[in-house]
Amino acid sequence: VIILCCVEVIIILMLIFLRKRIRIAIALLKEGSRAIGYIMSTLFYPIVTFLLIAICISYWAVTAVFLATSGEPVYKVMANQTLCKYANLTCDPETFNTTNVTKLCPGAQCTFAFYGGESLYHKYIFIFQLANAFVFLWLVNFAIALGQCTLAGAFASYYWAYRKPADIPLWPLFSSFGRAIRYHTGSLAFGALILAVVQLIRVILEYLDHKLKGTQNSFTRFLLCCLKCCFWCLEKFLKFINRNAYIMIAIYGKNFCTSAKEAFFLLMRNVVRVAVLDKVTDFLLFLGKILVAGGVGVLAFFFFTQRIPVFAQEVPMLNYYWVPLLTVIIGSYLVAHGFFSVYAMCVDTLFLCFCEDLERNDGSTAKPYFMSASLHRILGKKKLSPKKA
1 VIILCCVEVI IILMLIFLRK RIRIAIALLK EGSRAIGYIM STLFYPIVTF
51 LLIAICISYW AVTAVFLATS GEPVYKVMAN QTLCKYANLT CDPETFNTTN
101 VTKLCPGAQC TFAFYGGESL YHKYIFIFQL ANAFVFLWLV NFAIALGQCT
151 LAGAFASYYW AYRKPADIPL WPLFSSFGRA IRYHTGSLAF GALILAVVQL
201 IRVILEYLDH KLKGTQNSFT RFLLCCLKCC FWCLEKFLKF INRNAYIMIA
251 IYGKNFCTSA KEAFFLLMRN VVRVAVLDKV TDFLLFLGKI LVAGGVGVLA
301 FFFFTQRIPV FAQEVPMLNY YWVPLLTVII GSYLVAHGFF SVYAMCVDTL
351 FLCFCEDLER NDGSTAKPYF MSASLHRILG KKKLSPKKA
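Numbers 1 to 389, taken from the UniProt record's numbering, label the letters of the sequence shown in order.
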């Protein structure tokens with residue numbers, strides 16, 4: 001009880017001292033809703049990312065199957081008798097019946113074992129599989145980066161429009177996608193490359209951990225566990241840096257390294273605002289996903305249990321209705337996650353634009369703020385009109 005009281009007091013104190021930053025976070029969330037309302041096409045962009053990732057998965061799967069079956073078929077003797085000296089030896093199915101193996105080991109058969117070979121290519125087939133996995137990770141990360149940069153460019157065009165929605169450019173999403181493909185492909189590919197390298201190292205560490213599960217060397221297991229933890233943290237950090245770097249790329253059009261550096265130092269100068277906005281956004285988006293999945297789940301429950309009179313005659317009797325029910329709930333959560341990811345990208349973009357707006361402008365007629373009126377009121381600033389030429 002004492003611990004819970006202390007935690008509650010700490011939370012109350014945080015709410016009191018961070019109330020202004022919490023109000024800014026809520027105002028940015030409302031501004032994100034307005035931005036998506038003006039650029040409704042952004043809600044459907046996750047479908048493009050999904051299709052690109054599906055193509056990448058198909059490419060990886062087909063290539064992996066071709067590599068796995070590119071060797072020569074190896075056949076081995078399968079004997080029913082444990083004392084057969086020819087058991088597990090390689091054999092030729094075409095000449096097997098003419099040999100004396102069947103006489104010495106009655107019931108023995110020459111069956112397919114695996115694909116393999118003794119050539120240099122077959123010895124390094126695992127390296128080719130790793131290369132295929134690396135290309136797959138690179139392409140998937142590039143597809144995600146393209147989506148993040150495209151959405152960031154669309155939402156940035158909304159924020160930097162002084163008179164909303166009059167100054168918002170026509171077709172902002174398609175314009176942002178064209179800029180990302182034409183001018184920023186190299187930067188996006190470089191960011192995806194860095195992340196793919198770290199993810200491949202994590203895959204290799206997981207493979208080594210699987211191979212060393214039976215080992216008794218505790219130091220090796222401890223070292224491997226530490227490496228897995230470090231690279232997991234590194235991947236999370238790189239995803240955070242890449243996401244904000246893509247936003248800066250969409251705003252200013254600079255290269256990846258410069259954008260990542262500017263985004264990092266901009267966030268460090270507003271680290272408290274970043275922490276508050278991140279927690280508030282994560283909490284609200286999680287509630288939104290749960291609300292969508294729960295609402296659809298309740299409707300699916302009444303539907304599959306024939307409790308909706310309109311559809312009662314069309315629904316067949318199900319002995320295990322929880323199977324389609326869980327499928328609907330999980331599917332609705334994934335769909336909600338895809339659409340809410342657009343909302344999260346919108347809030348992150350508007351936040352970086354907001355921080356840049358505060359640092360580059362002073363609210364004068366020469367350098368007016370581009371933020372919304374609600375943010376002006378929270379900051380206690382007046383929105384002045386720019387000087388007319």
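Cβ coordinates follow ideal geometry from the N, Cα and C atoms, glycine included.
Whether residue i touches residue j by CB criterion (9 Å)
i: F370; j: V274; result: no
i: A133; j: W60; result: yes
i: V77; j: Y115; result: no
i: F155; j: T42; result: yes
i: L151; j: M345; result: yes
i: L188; j: Y252; result: no
i: I24; j: L284; result: no
i: P46; j: G178; result: no
i: F303; j: F311; result: yes
i: I125; j: L67; result: yes
i: F264; j: L28; result: no
i: residue 432; j: Y158; result: Nothing can be reported for residue 432, as the shown portion of the chain is limited to 1 through 389.
i: A192; j: I249; result: no
i: Y343; j: G32; result: yes
i: F50; j: G338; result: yes
i: Y333; j: V298; result: no
i: L104; j: C84; result: yes
i: G186; j: F286; result: no
i: L205; j: K236; result: no
i: V198; j: L224; result: no
C-alpha distance - residue i paired with residue j, whole-angstrom precision
i: I10; j: D348; result: 27 Å
i: L195; j: Y183; result: 21 Å
i: residue 390; j: I57; result: Since the displayed the chain opens at 1 and closes at 389, residue 390 lies outside it and no answer follows.
i: V87; j: N80; result: Just to set this straight, residue 87 is Ala in the shown sequence, not Val. Cα-Cα distance, rounded: 9 Å.
i: residue 396; j: K20; result: Outside the displayed span of the chain (1 to 389) sits residue 396, for which this structure offers no information.
i: Y38; j: Y162; result: 14 Å
i: K123; j: G71; result: 10 Å
i: Q306; j: G295; result: 17 Å
i: I378; j: C226; result: 45 Å
i: T220; j: V203; result: 17 Å
i: R17; j: T215; result: Per the sequence presented here, residue 17 reads as Phe, with Arg not at that position. Near 52 Å, if we compare the C-alpha coordinates of T215 and F17.
i: P324; j: I127; result: 41 Å
i: V140; j: I181; result: 16 Å
i: L266; j: F240; result: 13 Å
i: I308; j: L318; result: 15 Å
i: N244; j: T258; result: 12 Å
i: A131; j: V65; result: 14 Å
i: P169; j: V271; result: 32 Å
i: A108; j: T99; result: 11 Å
i: V276; j: E314; result: 49 Å
i: L358; j: W322; result: 52 Å
i: L208; j: L200; result: 12 Å
i: W160; j: L212; result: 54 Å
i: C230; j: I330; result: 31 Å
As assigned by DSSP and simplified to three states, the class of residue i
i: E314; result: coil
i: Y121; result: helix
i: S41; result: helix
i: M268; result: helix
i: M371; result: coil
i: S364; result: coil
i: L130; result: helix
i: P172; result: helix
i: W160; result: coil
i: C5; result: helix
i: D167; result: coil
i: L18; result: coil
Proximity test, residue i beta-carbon vs the ligand NAD heavy atom, cut-off 8 Å
i: L67; result: The model on display carries no ligand, and the ligand NAD is accordingly not part of it.
To test your reading of the DSSP string, which unbroken alpha helix (DSSP H) runs of 4 or more residues are found completely within the region 45-116? Secondary structure within the region 45-116: the alpha helix (DSSP H) runs of 4 or more consecutive residues, fully enclosed, are 45-68, 101-104 (chain order).
Counting only runs of 4+ residues fully inside the region 209-264, write out the alpha helix (DSSP H) ranges in chain order. 218-252
Sequence ranges, alpha helix (DSSP H) only - wholly within the region 174-211, length at least 4: 185-211
For the region 284-353, list the alpha helix (DSSP H) runs that are entirely contained and at least 4 residues long, ordered along the chain. List check, alpha helix (DSSP H) in window: nothing returned.
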